[in-house]
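Chains A and B supply the protein sequences, listed in that same order. So for the first sequence, our numbering puts the first residue at 146; every next one is plus one. So for the second sequence, our numbering puts the first residue at 43; every next one is plus one. Even glycine gets a Cβ: it sits at the ideal position worked out from N, Cα and C. Quantities reported herein were computed from a predicted structural model and do not represent experimental measurements.
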Amino acid sequence: MNAPVDLPRSILLVEDNPGDADLIQDLLSESTRLPAIRVIHVVSLSAAMAVLRSLPVEAVLLDLRLPDGSGVQCVDTVRAEAHDVPIVVLTGLDDDELAMSCIAAGAQDYLSKLEVRSRTLIRAIDHAVARAREVLERRRSERLEREKDLLLEASRLQGEFVANMSHELRTPLNAIIGFSELIYDGRVDVASPSLHTFVGHILTSARHLLQLINDVLDMAKFGAGKIEVDCRSVVLATLIQEVADVMQSNFANKAIVLELDLDPRVVQAWADPNRLKQVLFNYLSNALKFTPEAGRVTIRTFAVDEQRFELEVEDSGVGIKAEDIGKLFSEFHQVRSSTGEFHAGTGLGLALTKRLVEAQGGAVSVRSQPGLGSVFSASFWRIPPTEARS
Amino acid sequence: MNASQSILVVDDNASNVALLEHLLKLEGYDVRVAFDAEAALQSISERPPTLLVTDIQLPGMSGLDLARRLKSRAGTSVIRILAVTAFAMAADEARALEAGCDGYVAKPIDTRHFSGVVASLLNRT
Chain A
146 MNAPVDLPRS
156 ILLVEDNPGD
166 ADLIQDLLSE
176 STRLPAIRVI
186 HVVSLSAAMA
196 VLRSLPVEAV
206 LLDLRLPDGS
216 GVQCVDTVRA
226 EAHDVPIVVL
236 TGLDDDELAM
246 SCIAAGAQDY
256 LSKLEVRSRT
266 LIRAIDHAVA
276 RAREVLERRR
286 SERLEREKDL
296 LLEASRLQGE
306 FVANMSHELR
316 TPLNAIIGFS
326 ELIYDGRVDV
336 ASPSLHTFVG
346 HILTSARHLL
356 QLINDVLDMA
366 KFGAGKIEVD
376 CRSVVLATLI
386 QEVADVMQSN
396 FANKAIVLEL
406 DLDPRVVQAW
416 ADPNRLKQVL
426 FNYLSNALKF
436 TPEAGRVTIR
446 TFAVDEQRFE
456 LEVEDSGVGI
466 KAEDIGKLFS
476 EFHQVRSSTG
486 EFHAGTGLGL
496 ALTKRLVEAQ
506 GGAVSVRSQP
516 GLGSVFSASF
526 WRIPPTEARS
Chain B
43 MNASQSILVV
53 DDNASNVALL
63 EHLLKLEGYD
73 VRVAFDAEAA
83 LQSISERPPT
93 LLVTDIQLPG
103 MSGLDLARRL
113 KSRAGTSVIR
123 ILAVTAFAMA
133 ADEARALEAG
143 CDGYVAKPID
153 TRHFSGVVAS
163 LLNRT
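Right under this line is the structure:
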């Protein structure tokens, strides 16, 4: 039980009958309990609301027959205004059913005015306050527990992200530092074709590193709300062809056929050309990673209506398990393919893609069938959204 | 002088395979390469190497599972295993040793000291 110092000092008495109000006040002043209870007396619900809004009240003694409310409705009204203040209902008759519905509505206790004595009244108030405090305390500790769980999860993801980043940075650095060191130390014959090959490895790895850094920076910019998207009218086929050309050799290396299936109706897009290319590049990189040799990847566009179109990348890869699809576009989550294979990345590519598409007024989605492949899609405007009819 | 000792390099990253292959060939070792654990097992069944130099994160079976598998079978348990991995935290080294690896090197590797690590593993009896 609470120490005496925690006992309530100030209560609100809502009672319009002068006789009953005097009786209650007398009962309270008879008490020798310390601290003495200060009573704020009002005669209507509306006056009670005004007090609850402006003064600290530790408990409410509430009559159920007031000029502006009666029955359980009185409890509801007080509850709606003050969620946590303990309410002790005063009933004129010994009406158990009404009393129970008041408890259900959030009152802590009820007393019959006909039977009430000083000691029982004080005890009811003290208990009601103690119970309300326990509820508050429990709610508070539950909230803290939830917040702690969220923080722990965020910190775990952050730690995972740092570990992944470390892994992803070290992999290209191994080739960059390793080959440079060998060449610098004169351990590569400058006359042999190996030199050219090794410098090629350094170059490829350095470019990969740059890509990684750009992804992380973009992600950080999104986090700070500083990403710049400059939408304008662009010729879609040209952009798509540029990305396809850049990626072509990567697909050829795995003997994967890269096809274009472009809707002739969709000529113009309203997008940031570099950001749209980045979206397509990210989807294609993903398709490349998850599609086995001799597979097929298709870049498709189609008009949804006069105003919007979809850009899709379909692969004949291993597919994604249904339970992983929801997590695909969230940050720091790396998803295994349906075969359980783990493909390392920064865990940022798809999260970044989602934000890039949304910044251009579109949305991303994915559908997949394990074993058959996946379709990643992004919607874009064909015309400026300001010109679009609703 | 090292030609009698064969080393199998396993890594899914072509640049890293090329680096390790060149580095070990400079020391005169007989070097073979594989890009995943399945190909490594195939190569080992044909001709077991003296030393396996393996990445940990591989497509399909991981380098650690490969190490466990080799160490748990009589025919292959004598193959010494060196993990070369970009997982560079202290716990990662412990995990590698626990899986049966005899040595651990974090990427990026130091090409000036790598051959010393390899030689000490090969000379260990």
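Would you grab the beta carbon distance between valine 202 (chain A) and valine 159 (chain A) for me? Rounded to a whole angstrom, and I think it's under 8 angstroms.
Looking up residue 202 (chain A) in the first sequence gives position 57. Looking up residue 159 (chain A) in the first sequence gives position 14. At roughly 10 angstroms, the Cβ-Cβ gap does not stay under 8 angstroms, so valine 202 (chain A) and valine 159 (chain A) are not in contact.
What are the boundary residues of the beta strand (DSSP E) that serine 522 (chain A) is part of?
Your numbering for residue 522 (chain A) matches position 377 in the first sequence. Taken as a continuous stretch (DSSP letters only), the beta strand (DSSP E) holding serine 522 (chain A) covers 518-526.
Checking 8 angstroms against the spacing of the C-beta atoms, do isoleucine 444 (chain A) and serine 513 (chain A) come in under that value?
The count along the first sequence starts at 1 and reaches residue 444 (chain A) at position 299. The count along the first sequence starts at 1 and reaches residue 513 (chain A) at position 368. Cβ distance not < 8 angstroms, so isoleucine 444 (chain A) and serine 513 (chain A) don't count as in contact.
Note down the Cα distance separating lysine 67 (chain B) from glutamine 47 (chain B), rounded to an integer number of angstroms.
Residue mapping note: residue 67 (chain B) aligns to position 25 of the second sequence, counting from 1. Residue mapping note: residue 47 (chain B) aligns to position 5 of the second sequence, counting from 1. Each residue's Cα considered, the two are about 11 angstroms apart.
Could one say the Cβ of phenylalanine 521 (chain A) lies closer than 8 angstroms to chain B's Cβ atoms, at least one of them?
Here residue 521 (chain A) corresponds to residue number 376 of the first sequence, with the count starting at 1. No, no contact with chain B.
Using only CA atoms, which one of A:Leu381, A:Gln303, A:Ala192 lies nearest to arginine 420 (chain A)?
In the first sequence, the residue the question calls residue 420 (chain A) occupies position 275. For the residues A:Leu381, A:Gln303, A:Ala192, the minimum Cα distance to arginine 420 (chain A) belongs to A:Leu381.
Less than 8 angstroms between CB atoms is the rule here; does phenylalanine 129 (chain B) satisfy it with respect to chain A?
The sequence position of residue 129 (chain B) within the second sequence is 87, counting from 1. It does: the Cβ of phenylalanine 129 (chain B) has a partner Cβ on chain A nearer than 8 angstroms.
What residue from A:Arg410, A:Asp417, A:Gln423 has the CA that sits closest to aspartate 450 (chain A)'s CA?
By 1-based counting over the first sequence, the position of residue 450 (chain A) is 305. Residue A:Arg410 is the option with its Cα nearest to aspartate 450 (chain A).
Residues in the same chain with beta-carbon distance under 8 angstroms from isoleucine 49 (chain B), minus the five sequence neighbours each way, listed in chain order, please.
Against the second sequence, residue 49 (chain B) aligns to sequence position 7. Leu66, Tyr71, Asp72, Val73, Arg74, Pro91, Thr92, Leu93, Leu94, Val95, Val160.
Considering only DSSP beta bridges, list what glutamate 438 (chain A) is partnered with.
Within the first sequence, residue 438 (chain A) is the residue found at index 293, counting from 1. Glutamate 438 (chain A) pairs with nothing; no bridge assigned.
Can you tell me the Cα-Cα spacing of valine 120 (chain B) and arginine 110 (chain B), whole angstroms?
Translated into positions along the second sequence, residue 120 (chain B) becomes position 78. Translated into positions along the second sequence, residue 110 (chain B) becomes position 68. Going by the C-alpha atoms only, they are around 12 angstroms apart.
With respect to the alpha helix (DSSP H) encompassing isoleucine 358 (chain A), which residues constitute its N-terminal and C-terminal limits?
One-based indexing of the first sequence puts residue 358 (chain A) at position 213. Looking at the DSSP string, the run of the alpha helix (DSSP H) that includes isoleucine 358 (chain A) is 339-368.
Is there a Cβ from chain B that is less than 8 angstroms from the Cβ of glycine 462 (chain A)?
Taking the first sequence and counting its residues from 1, one reaches residue 462 (chain A) at position 317. No - not a single Cβ of chain B is within 8 angstroms of the one on glycine 462 (chain A).
Closer than 7 angstroms by beta-carbon distance: list the chain B residues that pair up with arginine 315 (chain A), in chain order.
Taking the first sequence and counting its residues from 1, the one referred to as residue 315 (chain A) is at position 170. Residues of chain B passing the Cβ test: Ala128, Ala130, Lys149, Pro150.
Once you ignore the five residues that flank phenylalanine 426 (chain A) on each side, which residues in its own chain have a CB closer than 8 angstroms to its CB?
To locate residue 426 (chain A), count along the first sequence from 1; it is residue 281. Closer than 8 angstroms at the Cβ level, and outside the excluded window around phenylalanine 426 (chain A), lie Val388, Val391, Met392.
Would you mind telling me which residues of chain A sit closer than 9 angstroms to arginine 154 (chain B), beta carbon to beta carbon, in chain order?
What you label residue 154 (chain B) is simply residue 112 of the second sequence in a count that begins at 1. Those are Glu326, Asp330, listed as they occur along chain A.
Three or more C-beta pairs under 8 angstroms: does that hold for the segment 102-109 of chain B against the segment 358-365 of chain A?
In short, these stretches do not touch, since the Cβ pair count stays below three.
Spatial neighbours of alanine 533 (chain A) within its chain, please: CB distance less than 6 angstroms, with the 5 preceding and 5 following residues excluded, ordered by chain position.
Mapped onto the first sequence, residue 533 (chain A) falls at position 388. Closer than 6 angstroms at the Cβ level, and outside the excluded window around alanine 533 (chain A), lie Gln452.
What is the DSSP secondary structure of tyrosine 71 (chain B), counted as helix, strand or coil?
For the purposes of this step, residue 71 (chain B) is taken as residue 29 along the second sequence, with counting starting at 1. Note: tyrosine 71 (chain B) maps to coil in three-state DSSP.
From which residue to which residue does the beta strand (DSSP E) around phenylalanine 454 (chain A) run?
In the first sequence, the residue the question calls residue 454 (chain A) occupies position 309. Where phenylalanine 454 (chain A) is concerned, the enclosing beta strand (DSSP E) stretches over 453-460.
Less than 8 angstroms separating the beta-carbons of aspartate 120 (chain A) and phenylalanine 435 (chain A)?
Shown here, chain A extends from 146 to 535; a query on residue 120 (chain A) therefore has no answer.
Rounded to whole angstroms, what is the Cα-Cα separation between threonine 484 (chain A) and valine 463 (chain A)?
Here residue 484 (chain A) refers to the residue found at position 339 when the first sequence is read from its first residue. Here residue 463 (chain A) refers to the residue found at position 318 when the first sequence is read from its first residue. Reliability of the predicted coordinates at threonine 484 (chain A) is poor, the pLDDT of 44 falling under 50, and the value obtained from them is presented with this limitation in mind. So the two alpha carbons sit approximately 7 angstroms from each other.
In whole angstroms, give me the CA-to-CA distance for cysteine 219 (chain A) and leucine 190 (chain A).
The residue you call residue 219 (chain A) lines up with position 74 of the first sequence. The residue you call residue 190 (chain A) lines up with position 45 of the first sequence. Their Cα atoms are separated by approximately 7 angstroms.
For the candidate residues A:Leu497, A:Val280, A:Ala192, A:Leu209, whose alpha-carbon lies nearest to that of glycine 368 (chain A)?
Counted from its first residue, the first sequence places residue 368 (chain A) at position 223. Comparing Cα positions, the closest option is A:Leu497.
Helix, strand or coil, according to DSSP, for leucine 289 (chain A) in the structure here?
As a working mapping, residue 289 (chain A) is identified with position 144 in the first sequence. Leucine 289 (chain A): helix per DSSP, three-state reduction.
If contacts are defined as beta-carbon pairs under 8 angstroms, then isoleucine 98 (chain B) and alanine 81 (chain B) qualify, I think. What distance do you get, rounded to the angstrom?
Here residue 98 (chain B) is taken as the residue at index 56 of the second sequence, counted from 1. Here residue 81 (chain B) is taken as the residue at index 39 of the second sequence, counted from 1. At roughly 16 angstroms, the Cβ-Cβ gap does not stay under 8 angstroms, so isoleucine 98 (chain B) and alanine 81 (chain B) are not in contact.
Using a Cβ-Cβ cutoff of less than 8 angstroms, which residues in the same chain neighbour leucine 517 (chain A) once the five nearest sequence positions on both sides are dropped?
The residue labelled residue 517 (chain A) in the question sits at position 372 within the first sequence. Excluding positions up to five away in sequence, the list reads Ser461, Gly464.
Determine, using beta carbons only, whether alanine 79 (chain B) comes closer than 8 angstroms to chain A.
Within the second sequence, numbered from 1, the residue matching residue 79 (chain B) stands at position 37. By this cut-off, alanine 79 (chain B) is not an interface position.
According to the Cβ coordinates, are threonine 153 (chain B) and glycine 323 (chain A) closer than 8 angstroms?
For the purposes of this step, residue 153 (chain B) is taken as the residue at position 111 of the second sequence. For the purposes of this step, residue 323 (chain A) is taken as the residue at position 178 of the first sequence. For threonine 153 (chain B) and glycine 323 (chain A), yes; Cβs fall inside 8 angstroms.
Grab me the residues of serine 482 (chain A)'s own chain with a C-beta within less than 6 angstroms of its C-beta, minus the 5 sequence neighbours each way, in chain order.
Counted from its first residue, the first sequence places residue 482 (chain A) at position 337. Residue confidence is low: serine 482 (chain A) scores 46 on pLDDT, short of 50, so the model does not pin down where it sits. Its coordinate-derived value is still stated next. Correct list, in chain order: Phe435, Val463.
What is the rounded straight-line gap between the Cα of tyrosine 428 (chain A) and the Cα of leucine 384 (chain A)?
Numbered from 1 along the first sequence, position 283 holds the residue referred to as residue 428 (chain A). Numbered from 1 along the first sequence, position 239 holds the residue referred to as residue 384 (chain A). Those two C-alpha atoms are separated by around 14 angstroms.
Would the C-beta of glutamine 514 (chain A) count as close to the ligand MG, meaning under 7 angstroms from any of its heavy atoms?
The ligand MG is not part of the structure shown, which contains no ligands of any sort.
The beta strand (DSSP E) with isoleucine 156 (chain A) in it runs from where to where?
As a first step, residue 156 (chain A) is located in the first sequence; it is residue number 11 there, counting from the start. Note, isoleucine 156 (chain A): beta strand (DSSP E), 155-159.
Cα separation between valine 333 (chain A) and valine 51 (chain B)?
Walking along the first sequence from the start, residue 333 (chain A) turns up at place 188. Walking along the second sequence from the start, residue 51 (chain B) turns up at place 9. Each residue's Cα considered, the two are about 19 angstroms apart.
If contacts are defined as beta-carbon pairs under 8 angstroms, then glutamate 175 (chain A) and serine 263 (chain A) qualify, I think. What distance do you get, rounded to the angstrom?
Taking the first residue of the first sequence as position 1, residue 175 (chain A) is located at position 30. Taking the first residue of the first sequence as position 1, residue 263 (chain A) is located at position 118. Going by Cβ atoms, the distance from glutamate 175 (chain A) to serine 263 (chain A) rounds to 4 angstroms, so yes, they are a contact pair.
Is there a Cβ of chain B sitting closer than 8 angstroms to that of threonine 349 (chain A), yes or no?
As a working note, residue 349 (chain A) is residue 204 in the first sequence. Closer than 8 angstroms to some Cβ of chain B, the Cβ of threonine 349 (chain A) qualifies, so yes.
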